[in-house]
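S.K.: Read in order, the letters of the sequence shown correspond to residues 2 to 103 in my numbering.
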Amino acid sequence: MDLEAVIVDAGAEVVGLCRSVGEALSTLDTTRVDVAILDFGVSDGTVAELAHRLTANGTPFCFYTGQVATDPRLAAWHAPKIIQKPAQPRAIVDTLATLAGR
């Protein structure tokens, strides 16, 4: 599934399709982000630093992962929003809308 297409088809704008934590952190430095989707499968480490930055900025986010909710990498965040792979487009859109307060 093309996650970007799902989001655009729902009428939202994708402001950063980042394949690494470094790229995502740079995007956060220059771009307003309303909500973020984090995947553990990044090329340069873990998304923990990114999740902490989003939390500090007050930016809502969810994890898009094939890992179960009991994954120890999720333990650092209180009741994180999780979109379990594979996900139906409607579930993705609904989660993002909820996070964005829409």
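We put the CB at the ideal spot given by N, CA and C, even for glycine.
1. Which first and last residues belong to the alpha helix (DSSP H) in which Thr56 is found?
2. Since I believe Asp40 is in contact with Thr66 (beta carbons under 8 Å), could you give me their beta-carbon distance rounded to a whole number of angstroms?
3. Output needed for Val16: all residues of its chain with C-beta closer than 8 Å, excluding positions within five of it in sequence on either side, in chain order.
4. Do you know whose CA, among Lys86, Val9 and Trp78, lies nearest Ala57's CA?
5. Give the secondary structure of Thr66 by DSSP, where H, G and I count as helix, E and B as strand, and everything else as coil.
6. Applying the 10 Å Cβ sphere with the 16-neighbour rule, what's the burial state of Val9?
7. Taking the straight line between their C-alpha atoms, what separation do you get for Leu75 and Thr47?
8. Bridge partners of Gln89, per DSSP?
9. Following a CB-centred definition, is Arg74 positioned closer than 7 Å to any heavy atom of the ligand ATP?
M.R.: Let's see:
1. Ala49 to Asn58
2. 6 Å
3. Thr28, Thr32, Arg33 and Val34
4. Trp78
5. strand
6. exposed
7. 11 Å
8. Bridge partners of Gln89: none, in fact.
9. Although the ligand ATP was asked about, the structure shown includes no ligands whatsoever.
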